[in-house]
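**Student:** Numbers given in our numbering equal positions in the sequence shown, counted from 1, plus 120. For every residue, glycine included, the Cβ atom is placed at its ideal position computed from N, Cα and C. Have a look at the structure that comes next, please.
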Amino acid sequence: MVTLDRLRALSARVGADPLLVQAAGGNTSLKQDGVMWIKASGTWLRDAAARDIFVPIDNAAVMSALGAGDPACETCTAFVRTDLNATGLRPSIETTVHAVMPQRVVVHVHCVNTIAWAIRADAEQRLAERLRQFAWAFVPYARPGLPLAAAIGSRLRTGVDVLVLGNHGLVVAADTVDAAAALLERVVSALRRPARVTSPPDLDALTSLCVGTSYAPAASLETHALATDMLALTLARKHVFYPDHVVFLGVGVATAIASHAPLVAVPGIGVLIRDDAKPAVEPMGRCLADVMRRVQPQDPLVALTDADIDRLVNWDAEKYRQGLES
Ligand SMILES: [Zn+2]
């Protein structure tokens with residue numbers, strides 16, 4: 121399984137880059153001898169080299185179920201090759217994204233630079249200007265699972281190896297791990313947007329606010345931009361732009377400790393994290409800040425609707441994934 125080892129190494133590298141992957145978001149896969157090895161639900165790509173996080177799936181069974189619109193494709197647990205599944209883990213809730221791509225290696229990331237384009241109403245047109253040299257397709261937002269698989273299916277053409285998922289992220293695919301890694305690097309560099317420089321957090325003020333509470337200042341400097349960048353703060357308080365944002369941070373970022381929210385952005389001061397917050401909370405807060413620092417006040421942004429949010433947070437597979445985050 122030399123190739124799977126190469127995928128593990130790439131996954132760990134990609135998973136350690138907060139501009140590409142945050143917490144349990146993002147996933148990679150390899151199709152080999154009729155089996156698709158896909159990252160397990162709730163595991164972090166960052167851990168791919170240190171522990172076994174891949175689940176074997178019967179790829180042909182997923183494809184025929186997808187063709188029939190079988191609801192089993194929502195979780196794909198029915199297609200696990202239990203005879204090969206040493207860890208007993210469940211497949212990623214985004215398994216179908218990987219199954220519909222014909223290439224052997226698929227890398228799906230919640231790339232900050234991509235998302236900063238993919239949350240625009242004019243995303244497809246603006247991306248077309250930057251992705252001219254790629255065989256790519258834009259897929260309008262759909263909930264992961266069957267709806268996203270169907271949306272990809274309607275946009276996929278022969279030869280396409282790059283997908284930008286509206287209000288979600290990026291998919292690249294190739295027949296070798298090295299080619300997928302190279303393609304990822306080329307696409308990300310074509311989509312790079314400058315991040316606005318923001319004031320540093322007021323750590324003294326944050327520390328005073330934390331006295332006698334169960335909060336502490338966020339560990340990463342970048343996370344604090346959610347409170348010190350006024351555009352980031354304004355947008356994050358009002359809108360939800362992509363799935364993992366609402367799943368881990370809820371609707372509307374809290375701005376006062378009294379809210380008891382896991383993440384609190386104290387306006388102009390910095391970000392606090394509750395001591396019992398799930399490990400995904402700060403990485404997701406940082407991601408939101410990183411995306412928001414790459415948009416401009418005049419950008420025609422489009423947020424998820426209330427209906428989109430309902431469909432996502434009430435999806436059983438998503439509830440399972442969140443349950444794994446202890
Ligand atoms: Zn995703």
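1. I'd like to know whether the C-beta atoms of Val225 and Leu326 end up nearer to each other than 7 Å.
2. Let me know if Ala338 comes out buried or exposed under the rule of 16 or more other beta-carbons within 10 Å of its beta-carbon.
3. Which runs of the alpha helix (DSSP H) at least 4 residues long sit entirely within the segment 377-444? Give them in chain order.
4. Candidates Val175, Asp298, Ala300, Leu353: which alpha carbon is nearest Asp203's?
5. To test your reading of the DSSP string, which unbroken alpha helix (DSSP H) runs of 4 or more residues are found completely within the segment 254-326?
6. Taking the alpha-carbon positions, what's the Ala206 to Leu124 distance?
7. Taking 7 Å as the cut-off, decide whether the C-beta atoms of Ala170 and Arg128 are in contact.
8. Closest to Ser161 by CA distance: which of Ile377, Ala269, Pro264 is it?
9. By Cβ distance below 7 Å, which residues in the same chain neighbour Phe254 in space, the five residues on each side in sequence not counted?
10. For Gln142, name the three-state secondary structure that DSSP assigns.
11. Please report the straight-line C-alpha distance between Ser194 and Pro211, rounded to a whole angstrom.
12. Considering just the uninterrupted stretch of the beta strand (DSSP E) at Glu150, what are its terminal residues?
13. Note down the Cα distance separating Asp137 from Arg166, rounded to an integer number of angstroms.
14. Are the segment 389-397 and the segment 318-337 touching, with three or more C-beta to C-beta distances below 8 Å?
15. Is the beta carbon of Glu342 within less than 6 Å of some heavy atom of ligand 1?
**Tutor:** Reading from the atomic positions:
1. Residue 225 sits at position 105 when you count from the first residue of the sequence shown. Residue 326 sits at position 206 when you count from the first residue of the sequence shown. Taking 7 Å as the Cβ cut-off, Val225 and Leu326 do not qualify as a contacting pair.
2. Here residue 338 refers to the residue found at position 218 when the sequence shown is read from its first residue. By the 10 Å Cβ count, Ala338 comes out buried.
3. 401-412, 426-433, 436-444
4. Residue 203 sits at position 83 when you count from the first residue of the sequence shown. The option with the nearest alpha carbon to Asp203 is Val175.
5. 266-275, 297-311
6. Numbered from 1 along the sequence shown, position 86 holds the residue referred to as residue 206. Numbered from 1 along the sequence shown, position 4 holds the residue referred to as residue 124. About 15 Å.
7. Against the sequence shown, residue 170 aligns to sequence position 50. Against the sequence shown, residue 128 aligns to sequence position 8. No; because the gap between Cβ atoms is not below 7 Å, this pair is not in contact.
8. Along the sequence shown, read from residue 1 onward, the residue named residue 161 stands at position 41. With distances taken between Cα atoms, Ser161 lies closest to Pro264.
9. In the sequence shown, the residue the question calls residue 254 occupies position 134. The answer, listed in chain order, is Val282, Val307.
10. Numbered from its first residue, the sequence shown carries residue 142 at position 22. If DSSP states are grouped into helix, strand and coil, Gln142 belongs with coil.
11. Within the sequence shown, numbered from 1, the residue matching residue 194 stands at position 74. Within the sequence shown, numbered from 1, the residue matching residue 211 stands at position 91. Looking at the sequence shown, residue 194 is not Ser but Glu. Cα to Cα, the separation comes out at about 11 Å.
12. The count along the sequence shown starts at 1 and reaches residue 150 at position 30. According to the sequence provided, residue 150 is Leu. The question's Glu does not apply to it. 147-152 is the span of the beta strand (DSSP E), which, as asked, contains Leu150.
13. Your numbering for residue 137 matches position 17 in the sequence shown. Your numbering for residue 166 matches position 46 in the sequence shown. If I take the Cα positions, the gap works out to 8 Å.
14. yes
15. As a working note, residue 342 is residue 222 in the sequence shown. No, the Cβ of Glu342 stays beyond 6 Å of every heavy atom of ligand 1.
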